[in-house]
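Undergrad: Anchor point for the sequence shown: position 248 equals 340 in the working numbering, and the numbering is continuous, going up by one each time. Backbone N, C-alpha and C fix where the C-beta goes; we use that ideal spot for every residue, glycine too. Small disclaimer: the values here were computed from a predicted structure and weren't measured. Let me give you the structure first, and then I'll get to my questions.
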Amino acid sequence: MQVRVLPGPLILFGFLDSGLGGLVSLREFRKHSSGEVVYLGDLKHQPYGARPRGEIVSLSEKAVSFLLDMGAEEIFIVCNTIAANALGSLRSRFNVPIHGITEWVKYYTPPHDRQVVVIGTRATIESGYYQRTLKAEGIPAPELALLIEEGHWDDDVVRAYLDSILPQGEYVLILGCTHYPVLTPLIREIRPKVEIVDPAEVLFKHLRREGDGFFVHVYLTRENPKYEDFLLKLGYERDAFSLHFVPDY
Ligand code: DGL
Numbered sequence: 093m094q095v096r097v098l099p100g101p102l103i104l105f106g107f108l109d110s111g112l113g114g115l116v117s118l119r120e121f122r123k124h125s126s127g128e129v130v131y132l133g134d135l136k137h138q139p140y141g142a143r144p145r146g147e148i149v150s151l152s153e154k155a156v157s158f159l160l161d162m163g164a165e166e167i168f169i170v171c172n173t174i175a176a177n178a179l180g181s182l183r184s185r186f187n188v189p190i191h192g193i194t195e196w197v198k199y200y201t202p203p204h205d206r207q208v209v210v211i212g213t214r215a216t217i218e219s220g221y222y223q224r225t226l227k228a229e230g231i232p233a234p235e236l237a238l239l240i241e242e243g244h245w246d247d248d249v250v251r252a253y254l255d256s257i258l259p260q261g262e263y264v265l266i267l268g269c270t271h272y273p274v275l276t277p278l279i280r281e282i283r284p285k286v287e288i289v290d291p292a293e294v295l296f297k298h299l300r301r302e303g304d305g306f307f308v309h310v311y312l313t314r315e316n317p318k319y320e321d322f323l324l325k326l327g328y329e330r331d332a333f334s335l336h337f338v339p340d341y
């Protein structure tokens with residue numbers, strides 16, 4: 093008798109961030125995995141990184157509920173600010189698998205001979221998460237995620253800002269906010285001796301999922317006409333995504 097192996101049931105993956113950052117991380121997921129994704133970018137409430145912990149917890153609970161209502165069955169928190177401040181509360185509140193971008197540290201050994209520096213939002217740095225887990229020095233970059241949302245990926249505005257916060261010398265630089273990897277070429281140019289680590293690149297090499305092809309349904313809680321261009325600039329093909337606005341979120 094011939095045994096036929098049927099494909100497992102396909103599930104919808106839910107990804108969330110305050111905006112663009114999670115779409116930057118999703119590119120890393122897509123390098124190793126496939127599947128259909130529903131994505132929430134909570135533009136209406138960004139920057140999450142400037143908010144107190146209690147607000148980050150309640151906004152992220154609302155965002156996870158939205159994704160579950162859309163049919164997501166496994167959640168990926170691709171926002172360091174949420175993962176560093178609210179992962180435990182989200183896991184105790186919702187009965188589905190929830191992964192946090194901060195879990196990349198399980199797959200990373202910091203070097204003994206070099207200083208580790210992490211840049212992130214104020215709320216991520218104030219949580220102390222990376223300072224504790226990687227013995228890193230934490231530098232808040234409160235303006236950076238919003239500059240990237242405004243389209244400053246490679247110009248003098250963001251160059252001057254980075255130059256003002258990044259130390260000189262040789263060290264490992266952790267990009268502790270999912271927005272930041274779009275700045276990698278610029279950081280290489282202004283700090284050529286620095287080794288840059290993107291948490292999403294490390295995490296999604298290990299956390300793999302198999303679905304059918306790739307498609308992302310992007311939901312934004314505030315309209316932003318720049319997003320179509322952003323998605324194309326990030327390398328998503330026109331037939332790999334759809335963009336939606338959630339009114340009254
Ligand atoms: N992308 C988010 C992160 O990884 C932060 C953006 C924000 O402050 O809203 O922390």
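DSSP three-state label for G113, please.
TA: The answer is helix: DSSP assigns G113 an H, G or I state.
Undergrad: Just mark Y346 as buried or exposed, buried being the case when its beta carbon has 16 or more other beta carbons within 10 Å.
TA: For the chain, the structure presents residues 93 to 341; residue 346 sits outside this window and is missing.
Undergrad: At 3 residues or longer, and completely inside the stretch 114-196: list those beta strand (DSSP E) runs for me, N to C.
TA: Here the runs fully enclosed are 127-133, 166-169, 190-192.
Undergrad: Exposed or buried, what is G111 when buried is set at 16 or more other beta-carbons lying within 10 Å of its beta-carbon?
TA: Counting Cβ neighbours within 10 Å, G111 comes out buried, since at least 16 surround it.
Undergrad: Please report the residue range of the beta strand (DSSP E) in which V264 lies.
TA: Looking at the DSSP string, the run of the beta strand (DSSP E) that includes V264 is 264-267.
Undergrad: How big is the Cα-Cα spacing for T313 and P339?
TA: Rounded to whole angstroms, T313 to P339 spans 7 Å at the Cα level.
Undergrad: Cutting at 7 Å between CB atoms, please list the residues of its own chain near G192, excluding the five before and the five after it.
TA: Cβ within range, chain order: I169, A175, L179.
Undergrad: With a Cβ-Cβ cutoff of 8 Å, do Y311 and H336 count as a contact?
TA: Yes, Cβ-Cβ distance for Y311 and H336 is below 8 Å.
Undergrad: Taking only the alpha-carbon atoms, compute the straight-line gap between L135 and D255 and give it to the nearest angstrom.
TA: Going from the Cα of L135 to the Cα of D255 covers about 27 Å.
Undergrad: Does the Cβ of N172 lie closer than 7 Å to at least one heavy atom of the ligand DGL?
TA: Yes - the ligand DGL has a heavy atom lying nearer than 7 Å to the Cβ of N172.
Undergrad: Tell me whether P139 counts as near the ligand DGL, meaning its Cβ is closer than 7 Å to at least one heavy atom of that ligand.
TA: Because some heavy atom of the ligand DGL lies under 7 Å away, the Cβ of P139 counts as near it: yes.
Undergrad: Just to confirm my understanding: we take W407, look at its own chain, exclude 5 residues before and 5 after, and list those with CB closer than 7 Å. What are they?
TA: With the chain covering 93 to 341 only, the question about residue 407 has no answer from this structure.
Undergrad: Within 10 angstroms of its Cβ, does L323 collect 16 or more other Cβ (buried), or is it exposed?
TA: When all chains shown are included, L323 counts as buried.
Undergrad: Does the beta carbon of G146 fall short of 7 Å from some heavy atom of the ligand DGL?
TA: It does not: the Cβ of G146 is nowhere closer than 7 Å to a heavy atom of the ligand DGL.
Undergrad: Please state whether the Cβ-Cβ distance between I257 and V210 is less than 8 Å.
TA: Result no, Cβ atoms of I257 and V210 do not sit closer than 8 Å.
Undergrad: Between the beta-carbon of L326 and the beta-carbon of R122, is there less than 8 Å?
TA: The answer is no: Cβ separation not under 8 Å.
Undergrad: Comparing alpha-carbon positions, which option in E147, R145, G141, S157 lies nearest Y46?
TA: This structure cannot settle anything about residue 46, because the visible part of the chain is limited to 93 through 341.
Undergrad: Out of E165, T194, V149, which one is the CA nearest neighbour of G127?
TA: When each option's Cα is compared against that of G127, the closest is E165.
Undergrad: Any heavy atom of the ligand DGL within a distance shorter than 7 Å of the CB on D109?
TA: Flag set: Cβ of D109 near the ligand DGL.
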